[in-house]
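A.B. asks: To start, I am sharing the structure in question, which I have written as structure tokens.
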Ligand SMILES: [Zn+2]
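Residue numbers (the numbering used here): 55 to 225.
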């Protein structure tokens, strides 16, 4: 999925869990982490098309990376390490769950068990559903996230507020 949907989905979960400021920031950053494979764009579109949704989306890579990032962020955001690890792992799980609905248009994406199992584990691939139907699911999720964003924005609780308000100590 796109970064917006990932962020919004994690934000909704974090909100539901009533996460404190530090934990929520950590949760939101770590949930975007697997998509840093898009940085492979510096090697050209083809590199990104081949690499995105593979290695950094493997549970065997994403979970340890997420745990490592959580430990580092725990210090920066002054969150307890165990708490950081718990939400870091949940953030990665949140990302991979949403990516189950990826389209995988270029190669076999969604290699969630790389390098043990190199085939796609997206819903589209597993169920063998056509691209059009998969796109409808994708756009529905995106649309729901967009509506949720507008809804909370109107309720004076915009999803970006956490980054702009003054820090409070986490209870
Ligand atoms: Zn992803």
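In this text, a Cβ means the ideal position worked out from N, Cα and C, and glycines have one as well. For clarity, every value in this text was computed on a predicted model and none was experimentally measured.
I need the straight-line Cα distance from residue 111 to residue 142, nearest angstrom please.
C.D. replies: 14 Å
A.B. asks: Per DSSP, residue 95 forms a beta bridge with which residues?
C.D. replies: Paired residues: none, contrary to the question.
A.B. asks: Sorry if obvious, but does the Cβ on residue 88 come closer than 6 Å to a heavy atom of ligand 1?
C.D. replies: Yes, the Cβ of residue 88 comes within 6 Å of a heavy atom of ligand 1.
A.B. asks: Heavy atom of ligand 1 less than 6 Å from the Cβ of residue 153, yes or no?
C.D. replies: yes
A.B. asks: Please return the same chain residues whose Cβ sits closer than 8 Å to the Cβ of residue 87, not counting the five positions on each side in sequence.
C.D. replies: 110, 116, 119, 120, 123, 145, 146, 149
A.B. asks: Skipping 5 residues on each side, what residues in its chain have a beta carbon closer than 8 Å to that of residue 156?
C.D. replies: 55, 107, 163, 164, 176, 178, 192, listed in sequence order.
A.B. asks: Please list the terminal residues of the continuous alpha helix (DSSP H) segment that includes residue 190.
C.D. replies: Taken as a continuous stretch (DSSP letters only), the alpha helix (DSSP H) holding residue 190 covers 185-208.
A.B. asks: My guess is that residue 66 and residue 202 are in contact by the Cβ rule of under 8 Å, so how many angstroms apart are they, rounded?
C.D. replies: 6 Å
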